[in-house]
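> One structure, pasted below without further comment.
Residue numbers (my numbering): 22 to 116.
The following block contains the structure:
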């Protein structure tokens with residue numbers, strides 16, 4: 022699984038040095054860029070996740086799955102956010 026988090030309209034994911042490079046991850050990055058989103062690779066501190074607007078993970082089985090809470094901290098509004106929703110819809114159209 023690969024983690025993505027959104028803050029102020031920018032999508033972040035960890036560099037491939039720390040995660041398994043996968044087809045789903047690369048597909049998500051391409052979809053996001055094609056939709057006009059800025060995607061940056063960045064190492065994350067747990068505290069950054071708590072203040073993210075949205076968080077989701079991706080993988081072969083998980084596809085695109087929103088994360089609503091981490092360590093009892095609600096992420097954003099506690100539901101799938103608009104960026105995650107847009108990427109999820111586009112992913113399902115091509116998957």
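For every residue, glycine included, the Cβ atom is placed at its ideal position computed from N, Cα and C.
What are the residues that DSSP puts in a beta bridge with residue 77?
25, 87, per the DSSP bridge assignment.
> If we ignore side chains and look at the alpha-carbon of each, how far apart do residue 79 and residue 73 end up?
Going from the Cα of residue 79 to the Cα of residue 73 covers about 17 Å.
> What does DSSP give as the partner residue(s) for residue 31 in the beta ladder?
Note: residue 31 sits in a beta bridge opposite 28, 59.
> Can a CB atom of chain D be found closer than 8 Å to the CB of residue 65?
Among the chains of the structure shown, chain D does not appear; only one protein chain is present.
> For residue 64, name the three-state secondary structure that DSSP assigns.
It is coil, neither helix nor strand.
> Between which two residues does the alpha helix (DSSP H) holding residue 115 run?
It spans 103-115 - the alpha helix (DSSP H) in which residue 115 sits, taken as one unbroken run.
> Measure from the alpha carbon of residue 47 to the alpha carbon of each residue in 30, 28, 84, then state which is nearest.
Of 30, 28, 84, the residue nearest in Cα terms is 84.
> Taking 8 Å as the threshold (C-beta atoms), are residue 34 and residue 76 in contact?
Not a contact, by the Cβ cut-off of 8 Å.
> Of the choices 90, 113, 62, 32, whose alpha-carbon is the least far from that of residue 99?
Here the closest residue by C-alpha is 90.
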